[in-house]
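Counting from 331, one number per residue, gives the positions in the sequence shown under this note's numbering. Note that beta-carbon positions come from the ideal geometry of N, C-alpha and C, so glycine has one too. What follows is a short report on a single structure.
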Amino acid sequence: RAASVDKETGIEYEGDVCSLGVLHQICDSINAKNVTPQASVVSDRHDFIRQEDMSLDPAGITDKSEPAVVEQLSDGHWGVKVKTIMNKLNPNYKDVKFAVETGLYPGYSIEYTTNDYTVLEEDGKLYRHLDDINMEGYGYASGRLIANPRAEITNSYYKEIEFLNETDTEEK
């Protein structure tokens with residue numbers, strides 16, 4: 331939940347809350363092969379947005395062998411489960427890996443533009459209840475700035491792949 335101000339009304343919101351429909355939109359965008367390929371690309375704390383540089387190497391990418399899914403969490407809320415592969419070719423790979431392993435980047439943050447929302451009031455605070463978005467990607471999130479503490483990285487592991495040059499030999 332990141333604070334925002336509606337430019338048309340001037341109303342300040344404590345943050346955004348995703349509807350179940352938006353969570354499905356996020357999954358569909360991440361899993362799409364051609365419609366929104368950038369939605370499956372992972373940034374390092376939204377670096378390409380902050381630096382206004384789409385040419386920056388992604389920090390990771392969605393593992394397409396396991397599609398993103400919407401799952402109910404133990405607290406009754408809903409979330410998106412996605413498997414991410416870190417980009418070892420990213421110049422900041424070692425720093426990102428360290429931040430994920432130590433919990434400095436405890437979770438993810440989505441990158442989106444809002445198409446439609448309704449106002450939700452909870453405990454005297456106003457939130458945007460997102461009804462429709464354009465998913466643009468997601469990024470590793472800093473522990474100090476993570477908008478949704480439930481969007482946590484639950485497990486990390488590293489897989490090394492070695493390609494061996496094998497030649498077939500045939501005895502004559």
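Flag this pair as yes or no: are the beta carbons of residue i and residue j separated by less than 8 Å?
i      : j      : result
ALA398 : TYR438 : no
LEU419 : ASP387 : yes
LEU409 : LEU353 : Here the sequence assigns Gly to residue 409, which means Leu is not the residue at that position. Their beta carbons are under 8 Å apart, which means GLY409 touches LEU353 by this criterion.
ASN417 : GLY390 : yes
ILE483 : PRO436 : yes
CYS348 : VAL400 : no
Give every residue of the same chain whose Cβ lies closer than 7 Å to the Cβ of residue i, excluding the five residues on either side of it in the sequence, and list them in chain order.
i      : result
THR448 : HIS459, ASP461
GLN402 : TRP408
For residue i, which residues from the same chain have a beta carbon less than 8 Å from its beta carbon, with the 5 sequence-adjacent residues on both sides left out?
i      : result
LEU456 : ILE341, GLU342, TYR343, GLU344, VAL449, LEU450
GLU500 : Confidence at GLU500 is low in this model, with a pLDDT of 43, below 50, so the placement of that residue should be treated as unreliable; the coordinate-derived value is given next. Nothing listed; no residue qualifies.
Using only alpha-carbon positions, find the residue among the options that is nearest to residue i.
i      : options                        : result
THR506 : SER472, ILE356, GLY390         : Limits of the chain in this structure are 331 at one end and 502 at the other, which puts residue 506 out of reach.
VAL372 : THR392, GLU401, ILE379         : THR392
THR414 : ASN361, GLU382, ASN422         : ASN361
ARG474 : LYS411, MET465, ILE379, ALA429 : ALA429
TYR581 : LYS337, ASP346, ASP374         : Outside the displayed span of the chain (331 to 502) sits residue 581, for which this structure offers no information.
SER359 : GLU441, LYS337, ASP346         : GLU441
LYS427 : MET465, LEU350, TYR470         : TYR470
LYS411 : ASP425, LEU434, LYS394         : LYS394
Within a Cβ cutoff of 6 Å, which residues of the same chain sit near residue i, ignoring the five residues on either side of it in sequence?
i      : result
GLU396 : LYS413
Grab the span of the alpha helix (DSSP H) containing residue i for me, first residue to last.
i      : result
GLY351 : 350-361
ASP374 : ASP374 -> not in any alpha helix (DSSP H); beta strand (DSSP E) instead, spanning 371-374.
ILE379 : 377-380
Using a Cβ-based criterion (distance less than 7 Å to any ligand heavy atom), does residue i qualify as near the ligand HEM?
i      : result
TYR343 : Ligands displayed in this structure: none; no statement on the ligand HEM is therefore possible.
Which residues mark the beginning and the end of the beta strand (DSSP E) in which residue i is found?
i      : result
ALA471 : 455-471
VAL449 : 437-452
THR414 : 414-416
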